[in-house]
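Visitor:
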């Protein structure tokens, strides 16, 4: 009688856990079998790599109202070292393209947050274009303005 009563109690507790959603059906079987196909693999955290495009960019605005000079320091973010190596390898082309881009800007637009964000996206596109066209690599994640001075 005790054995039958114990078995009924175990079945009742198991059924209660199952219906409460605590114990999904067949979970213990999957864990015993080591079924890794359905188990989620932990994501390996990415390590950001920051690269500063030194020296700072200095451009002048010809015949423009307002500011006459822009000094800008830029850092690039990637999670791949080969992207940083490609940027460094083609630094003269990257700097040339960025200087042309920066000198073509309209100073009043750069006074607003929207204008700065638009410029940041254009800088990101310019760097990505060089790395992709020359090296065939993709992975420039973001650019940051670490110094932004207009006079």
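In the working numbering, the protein residues as written are 1 to 151.
For glycine and all other residues, C-beta sits at the position ideal for the given N, C-alpha and C.
As the structure is a prediction and not an experimental result, all values here were calculated from the model.
Note down the Cα distance separating residue 7 from residue 80, rounded to an integer number of angstroms.
Guide: In this structure, the straight-line span from the alpha carbon of residue 7 to that of residue 80 is close to 58 Å.
Visitor: Pull the bridge partners of residue 51 from the DSSP assignment, please.
Guide: BP columns for residue 51 point to 76.
Visitor: Three or more beta-carbon pairs under 8 Å between the stretch 135-145 and the stretch 114-123, yes or no?
Guide: Result yes; three or more Cβ-Cβ pairs closer than 8 Å.
Visitor: Where residue 29 and residue 4 are concerned, what is the direct C-alpha to C-alpha distance, given to the nearest angstrom?
Guide: With a pLDDT of 49 at residue 29, under the threshold of 50, the modelled position of this residue cannot be trusted; read the value that follows with caution. Rounded to the nearest angstrom, the two C-alpha atoms are 24 Å apart.
Visitor: Residue 72 and residue 56: beta carbons closer than 8 Å?
Guide: Yes.
Visitor: From residue 131 to residue 139, what distance separates their C-alpha atoms?
Guide: 9 Å
Visitor: How big is the Cα-Cα spacing for residue 86 and residue 62?
Guide: 32 Å
Visitor: On the DSSP letters alone, give me the boundaries of the alpha helix (DSSP H) that residue 128 sits inside.
Guide: 113-130
Visitor: In the structure shown, what three-state DSSP assignment does residue 102 receive?
Guide: Three-state result, residue 102: helix.
Visitor: In chain order, what residues of the same chain have a beta carbon less than 8 Å from the beta carbon of residue 93, not counting five sequence neighbours either side?
Guide: 130 and 134
Visitor: Does the beta-carbon of residue 115, which I'm using as the reference point, lie nearer than 7 Å to any heavy atom of the ligand FAD?
Guide: For the structure depicted, the ligand FAD is absent and the ligand set is empty, with no information on it obtainable.
Visitor: Measure from the alpha carbon of residue 67 to the alpha carbon of each residue in 88, 103, 58 and 107, then state which is nearest.
Guide: 107
Visitor: Rounded to a whole number of angstroms, what is the C-alpha to C-alpha distance between residue 90 and residue 150?
Guide: 27 Å
Visitor: Figure out for me which residue from 54, 2 and 78 has the closest Cα to the Cα of residue 47.
Guide: 78
Visitor: Could you tell me how far apart the beta carbons of residue 137 and residue 82 are, in whole angstroms, since I believe they sit closer than 8 Å?
Guide: 6 Å
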